[in-house]
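Take a look at the structure below.
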Amino acid sequence: MCLLCHDYLFRPNMAQENHTAFSDFILLGYSDLPDLQGLLFLVFLFIYTEILIGNGLIICITETDLALHTPMYFFLKNLSFLEICYTSVTLPKMLVNFIVENKGISFYGCAAQIYFLLLLGGTECLLLAAMAYDRYVAICNPLHYKLIMSKQFCLGLIAGALAVNMPIHVGQTYLVFILPFCDSREINSLFCDIPPLLELACADTNINKTSVFVAAMLLVIMPFFLILASYVKIISAILKMPSAESRKKVFSTCSSHIIVVSLFYGSATIVYLSPRSKETEDINKSLSLLYTILVPMFNPIIYSLRNREVKASLVKLLRKKM
28 MCLLCHDYLF RPNMAQENHT AFSDFILLGY SDLPDLQGLL FLVFLFIYTE
78 ILIGNGLIIC ITETDLALHT PMYFFLKNLS FLEICYTSVT LPKMLVNFIV
128 ENKGISFYGC AAQIYFLLLL GGTECLLLAA MAYDRYVAIC NPLHYKLIMS
178 KQFCLGLIAG ALAVNMPIHV GQTYLVFILP FCDSREINSL FCDIPPLLEL
228 ACADTNINKT SVFVAAMLLV IMPFFLILAS YVKIISAILK MPSAESRKKV
278 FSTCSSHIIV VSLFYGSATI VYLSPRSKET EDINKSLSLL YTILVPMFNP
328 IIYSLRNREV KASLVKLLRK KM
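Under the working numbering, the first residue of the sequence shown is numbered 28, with each subsequent residue one higher.
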């Protein structure tokens, strides 16, 4: 990443020039639908509330129920916490923009939004890979499961995911905000993101596109192939099981994770790695909603409806509260 930044290191005044020229950006969002702003506000408010309540309940039951103090649910708890943080980076500002005329976001606010969006999104990619590895060890190496998936190892995976993402995305964000921007400051998106911002730049953005590609390969594609390799081994082990009931039970513990991985990776890969054009702007805008908002909304539903232990713990918690 340092090599990618090298060409810009001797341009110290560029960020200041950008900030002087652009005190803020304008997030267009769905401003082309003025009559639907109130309805969109209510829809997105409902989604945000569901994300907070659903993921909050997952955190609560995995923390309070001793039966769920296992590596699998430790990762699920951290995934839910990440989803709350991830959506809180974008959704509150989106909700405000639906009800106010000034849809601006400050230069530094936009930079912060991009950094934390990338940091939390990249961490989620690695966390999903860790969850796949956990299932691989549990199914393919059950006798050594507790020894391999120790508490220290699980904490190390979470800390490692954050440690890897932090410096990479500092570089990513820096490379974007030292670019000179053209006269237009309108971002055709619901939140600040690298692809729509690069379209406003008045300079060669090949270094930025290369850095996005390299980061995507490291933090999206490589974890995806690790997940894929884990599930090849898992499916192979499941097919060797003599009992159909055993195969069904083991597969059910993996199905929720497979659904979440498919939704998250599919939409994120299309947005960040596919060529952009005027014709695909609206499609990419909708796909960005899928991985930033709808996946976090569906996560608690997917994991609770398809997981017997989570449902039992949720019922137990609700009875206790009532």
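Backbone N, C-alpha and C define an ideal beta-carbon position, used for all residues, glycine too.
From the listed residues ILE85, LEU155, CYS137, VAL127, the smallest Cα separation to LEU224 is found for CYS137.
Only buried fits ILE221, as 16 or more other CB atoms lie within 10 angstroms of its CB.
With contacts defined as CB atoms closer than 8 Å, CYS167 and ILE261 qualify as a contacting pair. Straight through space, the alpha carbons of LEU79 and ARG346 are spaced by roughly 21 Å. By the C-beta density criterion, LYS173 is exposed, having fewer than 16 other C-beta atoms within 10 angstroms. In the three-state scheme derived from DSSP, where H, G and I count as helix and E and B as strand, LEU66 is classed as helix.
Rounded to whole angstroms, the Cβ separation of VAL116 and LEU147 is 7 Å, and the two are in contact under 8 Å. Straight through space, the alpha carbons of VAL203 and THR237 are spaced by roughly 12 Å. Listed as beta-bridge partners of ASP51 by DSSP are SER133.
Look at ALA230 here: in three-state DSSP terms it is coil, with no helix or strand label. Between the alpha carbons of THR296 and LEU316 lies a distance of about 13 Å. In this structure, the straight-line span from the alpha carbon of ILE141 to that of GLY198 is close to 12 Å.
Inter-segment contact for the stretch 268-280 and the stretch 180-189 is absent: fewer than three beta-carbon pairs are separated by less than 8 Å.
A straight-line Cα-Cα distance of about 39 Å links LYS338 and VAL239. In this structure, ILE85 keeps its C-beta atom at 8 Å or more from the C-beta atom of TYR318.
Ranking LEU290, PRO61, ILE88, PHE52 by CA distance to the CA of ASN334 puts ILE88 first.
Per the DSSP secondary-structure output, PHE208 pairs in a beta bridge with ALA228.
The beta carbons of CYS181 and LEU246 sit no closer together than 8 Å. Judged by beta-carbon spacing, ILE320 lies beyond the 8 Å limit of GLY81, meaning their Cβ atoms are not closer than that value. Beta-carbon to beta-carbon, ASP51 and SER133 are separated by about 5 Å, close enough to satisfy the 8 Å threshold. Closest by C-alpha distance to PHE125, out of THR200, GLU77, LEU255, SER58, is SER58. A residue is called buried once 16 or more other Cβ atoms fall within 10 Å of its Cβ, and PHE101 is buried on that count.
With respect to PHE291, LEU155 sits close: the two C-beta atoms are nearer than 8 Å. Contact between SER216 and LEU54 holds, with the beta-carbon distance rounding to 6 Å and staying under 8 Å.
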